[in-house]
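Novice: Under my numbering, the first residue of the sequence shown carries the number 5, and numbering increases by one thereafter. Heads up, the beta-carbon is just placed ideally off N, CA and C, and yes, glycines get one too. Quick caveat: nothing in here was measured; it's all calculated off a predicted structure. First the structure, then my questions, so here it is.
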Amino acid sequence: MKISARNILKGTIVEIVKGATTSHVRIDTGGAIVTASITNEAVADLKLEKGKQAYAVIKASDVMVGID
């Protein structure tokens, strides 16, 4: 896989919650859980399921930092 995004986190799918049109895919990246919101069609096309390895690809123009 070659893409321009620099933040690619390999992990394992731990949960997929399907809604009417969108699914929330939770990926354990080795201590941190990343949640992606993608279409149900994409879940089907990629044959995503719990336990399968996947990549969280993060492409954003801004990253915010917060503190307590």
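Could you check whether N44 and T16 sit closer than 8 Å to each other, using their CB atoms as the reference points?
Specialist: Their beta carbons are not under 8 Å apart, which means T16 does not touch N44 by this criterion.
Novice: Looking at C-alpha atoms only, which residue of I71, A60 and V21 is the closest neighbour of K54?
Specialist: Selected option, being the one with the closest Cα: V21.
Novice: Check the Cβ-Cβ distances between I17 and every residue of chain D, and say whether any is below 8 Å.
Specialist: Here there is only one protein chain, and chain D is not present.
Novice: To the nearest angstrom, report how far apart D49 and K14 are at their CA atoms.
Specialist: Each residue's alpha carbon lies about 19 Å from the other.
Novice: Quick check: the Cα distance between I37 and K6, rounded to an integer number of angstroms?
Specialist: Using only the alpha carbons, I get a separation of about 23 Å.
Novice: Less than 7 Å between C-beta atoms, sequence neighbours within five positions excluded: which residues of the same chain meet that for A58?
Specialist: These residues qualify, in order along the chain: G15, I17, I31 and L52.
Novice: Roughly how many angstroms lie between the CA atoms of T39 and D72, to the nearest whole one?
Specialist: About 22 Å.
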